[in-house]
Amino acid sequence: MNGTIKTVKIDKGFGFVRGDDGVEYFFHRSAVPKDVDFDSLGAGERVMFEPDEGTKGPRAEGIERI
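Residue 2 is where the sequence shown starts when you use my numbering, and the numbers rise one by one after that.
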């Protein structure tokens, strides 16, 4: 699925991406592959990810830049 990064909390190691389906997905630093620099991700950036359901709601896994 494609989406847009809404916010990234570099110091806390997580962020949120709004999927093109309108759902807001949480993502953790561990969901970003090693070849993508988590610290360089920013709001408004277009990404591709795998939607998943975590214990506290929708999660994004495998964040990749488009």
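Idealized CB from N, CA, C, for every residue including glycine.
Residue closest to residue i, alpha-carbon to alpha-carbon, out of the options
i	options	result
Ile67	Phe50, Gly55, Lys57	Phe50
Ala44	Phe17, Asn3, Arg30, Asp12	Phe17
Lys122	Phe39, Asp53, Glu65	Here the chain has residues from 2 to 67 only, and residue 122 is not among them.
Cα-Cα separation between residue i and residue j, rounded to whole angstroms
i	j	result
Arg19	Gly63	15 Å
Val48	Thr56	23 Å
His29	Gly58	13 Å
Asp36	Glu65	9 Å
Ile6	Pro52	14 Å
Phe27	Arg60	5 Å
Asp22	Glu54	15 Å
Glu46	Asn3	11 Å
Leu42	Val24	19 Å
Residues that residue i bridges to, as DSSP identifies them
i	result
Val9	Gly16
Asp53	Arg60
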